[in-house]
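A.B. asks:
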Amino acid sequence: TKGNSAGRFGGVVHGDDKYAIVYSTKEYNNVTSNEVGIIRFDVDDNRIVDVVKNVISGINGNEVVQIRSVKYGKNVLVMYAIASEAVDGLLPKDDVVVAKVGYVLVDFNGKVISGPFVKEGSEITVNDDIRELNDGSVVWTSVTKGESGLMLNVHYVKV
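Residue numbers in the sequence shown follow my numbering, run continuously in steps of one, and reach 283 at the last position.
1) Where are the beta strand (DSSP E) runs, 3 residues long or more, that stay fully inside the stretch 160-193, in chain order?
2) Along the chain, where does the beta strand (DSSP E) containing Thr149 start, and where does it finish?
3) Inspect the beta-carbon positions of Ser261 and Asp252 and report whether they are closer than 8 Å.
4) According to DSSP, is Gly197 part of a helix, a strand, or is it coil?
5) From the DSSP secondary-structure annotation, give me the bridge partner or partners of Gly139.
6) Rounded to whole angstroms, what's the CA-CA distance from Val179 to Ser238? Just pull it up for me.
7) Quick one: Cα of Asp227 to Cα of Ala205, how far?
8) Is it buried or exposed, Leu201, if we count other Cβ atoms within 10 angstroms and call 16 or more buried?
9) Would you report the Cα separation of Val281 and Lys243, rounded to the nearest angstrom?
10) Within its chain, find whatever has a CB closer than 6 Å to the CB of Trp264; leave out the 5 residues flanking it on each side and keep chain order.
11) Give the secondary structure of Asn233 by DSSP, where H, G and I count as helix, E and B as strand, and everything else as coil.
12) Comparing C-alpha positions only, which one of Ser148, Gly273, Ser181 and Leu257 sits nearest to Lys235?
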């Protein structure tokens, strides 16, 4: 059986006694939400505290083809990729051209601290990863095909 989902999971970020679950949704079948948001979860009370919708102004879930998040200091760094044209269906196809990558720094309440910033001509794939290093900095790794084979790309992210 083939399942469908109108959402993209952007990761879970832990901060003190709370978690931020980052997601994007797109319009599909009976789903009408079209947003990038954060679900705030309280560990002590074991409950969802709040759902902050439309965290990134000017960006809707229909445009997002990949989304990732990582802890950045006491905040959450959200990175997302936007296709150059609308993507039919739920999963991005292999030939989807990513027009730009954006990132925004938000607090655990979903309030924008810095950004959004956009980098044209970059892309995030399903195999990419972003991590917080021991010194608090963030690294984004990706693998691309080069003339001599696969290449590991390491990008240090500064907000």
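Ideal Cβ placement from N, Cα and C applies to all residues, glycine included.
C.D. replies: So, from the data block:
1) When DSSP assignments are scanned along the stretch 160-193, the uninterrupted stretches of beta strand (DSSP E) that are 3 or more residues long and fall wholly within it turn out to be 171-176.
2) The sequence position of residue 149 within the sequence shown is 25, counting from 1. DSSP places Thr149 inside the beta strand (DSSP E), whose first and last residues are Lys142 to Thr149.
3) By one-based count along the sequence shown, residue 261 stands at place 137. By one-based count along the sequence shown, residue 252 stands at place 128. Taking 8 Å as the Cβ cut-off, Ser261 and Asp252 do not qualify as a contacting pair.
4) For the purposes of this step, residue 197 is taken as residue 73 along the sequence shown, with counting starting at 1. Note: Gly197 maps to coil in three-state DSSP.
5) Counted from its first residue, the sequence shown places residue 139 at position 15. Paired residues: Lys142.
6) The residue you call residue 179 lines up with position 55 of the sequence shown. The residue you call residue 238 lines up with position 114 of the sequence shown. Take the alpha-carbon of Val179 and the one of Ser238: they are about 12 Å apart.
7) Translated into positions along the sequence shown, residue 227 becomes position 103. Translated into positions along the sequence shown, residue 205 becomes position 81. Checking the sequence shown, residue 227 turns out to be Tyr, not Asp. Taking the straight line joining both Cα atoms gives about 9 Å.
8) Taking the sequence shown and counting its residues from 1, one reaches residue 201 at position 77. Counting Cβ neighbours within 10 Å, Leu201 comes out buried, since at least 16 surround it.
9) Translated into positions along the sequence shown, residue 281 becomes position 157. Translated into positions along the sequence shown, residue 243 becomes position 119. Here the alpha carbon of Val281 sits roughly 12 Å from the alpha carbon of Lys243.
10) As a first step, residue 264 is located in the sequence shown; it is residue number 140 there, counting from the start. The residues are Ile254, His279 and Val281.
11) Here residue 233 is taken as the residue at index 109 of the sequence shown, counted from 1. Coil at Asn233, not helix or strand.
12) Here residue 235 refers to the residue found at position 111 when the sequence shown is read from its first residue. Out of Ser148, Gly273, Ser181 and Leu257, Ser181 has the C-alpha closest to the C-alpha of Lys235.
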